[in-house]
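S.K.:
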Amino acid sequence: MLSLIHRNSVTMKQPRDKLQKVTLRQLQIFLVAAETLSFQRAAESLGLTPPAVSMQMGSLGEELGSPLFEKKGRSIELTPAGEKLVPYARRITQTLREANNAIQEMLGRERRTVKVAMVSTSRNFGPHLVAQFQARHPEAKLDIQIANRSDVIDLLESEAVDLALMGRTPRRIEVEATSFAKHPYVIIASPKHPLAEAENIDPKQLLSETFLARESGSGTRMVLEHFFEDRGLDLPPIQEMSGNENIKQAVMANMGLAVISQHTLQLELMTGRLKELKVQGMPDIRQWFVVRMIGKELSSAATQFQEFVTTEGPSFMADFFSLH
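If you're matching positions, the sequence shown starts at 1 in UniProt numbering and goes up one per residue.
Quick look at the structure:
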């Protein structure tokens with residue numbers, strides 16, 4: 001009974017693949033030796049010793065079941081098995097070169113692509129900043145994602161993007177943040193609001209007003225909350241709405257007030273559709289930052305974009321908002 005089990009285990013064992021020990025290096029050595037018909041010259045070409053070349057060719061022939069070279073006087077020549085192997089070895093090494101070229105080409109394209117996330121508040125100027133960078137660096141490609149603050153932080157943390165443009169740096173992840181422009185926040189109202197023409201408004205006068213705001217955790221919501229908390233005041237009534245554009249439309253309809261980035265208001269303020277209230281402590285000046293995860297290696301293109309934002313960003317922002 002025991003011997004039967006033993007025989008069954010032997011018969012079920014998979015046969016060893018005769019080629020499992022054949023290496024690409026052996027095939028490369030073989031091709032050089034086949035072209036030079038000299039272990040000495042092959043060794044010199046490959047930076048090896050003649051005994052090492054001879055040993056590798058002996059091992060390769062053993063794995064394939066037939067010698068690949070035979071001595072003829074002081075030189076060597078291919079055996080029939082060696083001649084048969086030549087086109088296959090060339091095909092294998094050429095395929096590997098093609099695979100390597102394809103991967104390097106792919107990596108090259110990816111390394112030239114800069115993945116940038118932007119908080120939704122930056123949608124007014126962000127694409128223009130990117131366009132100016134691309135005009136100077138046409139070889140680079142920018143892949144842009146515009147999202148809310150929480151999603152931008154997630155993109156940074158997962159390293160789905162190289163860099164981010166945002167107004168308030170994250171706390172739950174370690175980042176390197178460099179400011180490149182001032183970021184003013186203001187309180188807006190409909191021109192029909194009773195406080196629209198008022199001067200030097202005390203924040204206490206706003207406690208009974210309804211404020212329209214983004215979701216908790218968004219940059220503008222945090223500015224709103226901090227503005228009142230820093231003054232020891234309770235928060236006014238807050239009605240949540242999605243998106244700055246929706247909030248602006250609701251304020252125009254005199255549904256409430258809002259704290260919002262001044263950089264999103266140029267057109268509405270110029271046309272008189274919204275009014276910036278003159279509240280004590282406003283504008284609340286924050287900063288725009290270009291942010292990267294600490295430890296993330298940036299490509300040369302991403303580094304160029306980061307340097308462009310930090311060096312050219314201040315003048316760009318001044319020019320952009322003075323023109324608009």
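Glycine residues also receive a C-beta, built at the ideal position from the N, C-alpha and C atoms.
Given this structure, state the Cα-to-Cα distance separating Thr220 from Gln94, to the nearest angstrom.
M.R.: 57 angstroms
S.K.: If you count every other CB in all the chains shown that lies within 10 Å of the CB of Pro191, and 16 or more means buried, which is it?
M.R.: exposed
S.K.: In terms of residues, what are the limits of the beta strand (DSSP E) holding Lys72?
M.R.: Here the beta strand (DSSP E) through Lys72 covers Phe69 to Lys72.
S.K.: Report the three-state DSSP secondary structure of Arg41 (helix, strand or coil).
M.R.: DSSP places Arg41 within a helical segment (H, G or I) once states are collapsed to three.
S.K.: Out of Ser322, Gly243, Ala34 and Gly256, state which residue places its alpha-carbon closest to the alpha-carbon of Pro87.
M.R.: Among Ser322, Gly243, Ala34 and Gly256, the Cα nearest to that of Pro87 belongs to Ala34.
S.K.: Just the Cα atoms here: how many angstroms apart are Thr169 and Thr121?
M.R.: 14 angstroms
S.K.: Between which two residues does the alpha helix (DSSP H) carrying Glu245 extend?
M.R.: Asn244 to Met252
S.K.: Check whether the region 170-178 and the region 141-159 touch, using three or more Cβ-Cβ pairs below 8 angstroms as the test.
M.R.: Proximity of the region 170-178 to the region 141-159 meets the contact definition, three or more beta-carbon pairs being nearer than 8 angstroms.
S.K.: Can you check which of these residues, Glu44, Leu267 and Leu85, is closest to Phe321 by C-alpha distance?
M.R.: Leu267
S.K.: Report yes if the C-beta distance between Ala89 and Leu24 is below 7 angstroms; otherwise report no.
M.R.: no
S.K.: Note the first and the last residue of the continuous beta strand (DSSP E) segment covering Asp143.
M.R.: Per DSSP, Asp143 belongs to the beta strand (DSSP E) from Lys141 to Ala147.
S.K.: Look at the alpha carbon of Arg74 and the alpha carbon of Pro80, and state the distance between them as a whole number of angstroms.
M.R.: 19 angstroms
S.K.: Out of Ile144, Val161 and Met270, which has the shortest C-alpha to C-alpha gap to Ser299?
M.R.: Among Ile144, Val161 and Met270, the Cα nearest to that of Ser299 is on Val161.
S.K.: What do you get for Asn244, buried or exposed, if any count of 16 or more other CB atoms within 10 angstroms of its CB means buried?
M.R.: buried
S.K.: With a cut-off of 8 angstroms, do at least 3 Cβ pairs link the region 257-264 to the region 208-225?
M.R.: yes
S.K.: How many Å lie between Ser315 and Ala135 at the Cα?
M.R.: 16 angstroms
S.K.: What first and last residue would you give for the beta strand (DSSP E) that runs through residue 336?
M.R.: Shown here, the chain extends from 1 to 324; a query on residue 336 therefore has no answer.
S.K.: Write down the C-beta distance between Ser59 and Gln20 rounded to the nearest angstrom, noting that I regard them as a contact closer than 8 angstroms.
M.R.: Contact annotation, Ser59 with Gln20: C-beta distance approximately 13 angstroms; criterion of less than 8 angstroms not satisfied.
S.K.: Tell whether a beta-carbon distance below 7 angstroms holds between Leu212 and Met166.
M.R.: no
S.K.: Thinking C-beta only, is Val290 closer than 7 angstroms to Leu96?
M.R.: no
S.K.: By the three-class DSSP mapping on this structure, what secondary structure does Arg292 have?
M.R.: In the structure shown, Arg292 sits in a strand (DSSP, three-state: E or B).
S.K.: Looking at the secondary structure, which residues open and close the beta strand (DSSP E) in which Ala196 lies?
M.R.: First-last for Ala196: undefined, no H or E at that position.
S.K.: Residues in its own chain within less than 8 angstroms of Pro203 by CB, not counting five upstream and five downstream?
M.R.: Phe227, Phe228, Arg231, Leu233, Val279, Gln280 and Gly281
S.K.: Between the C-alpha atoms of Lys296 and Ala250, what's the straight-line distance to the nearest angstrom?
M.R.: 41 angstroms
S.K.: Where does Ser315 fall in DSSP's three states?
M.R.: helix
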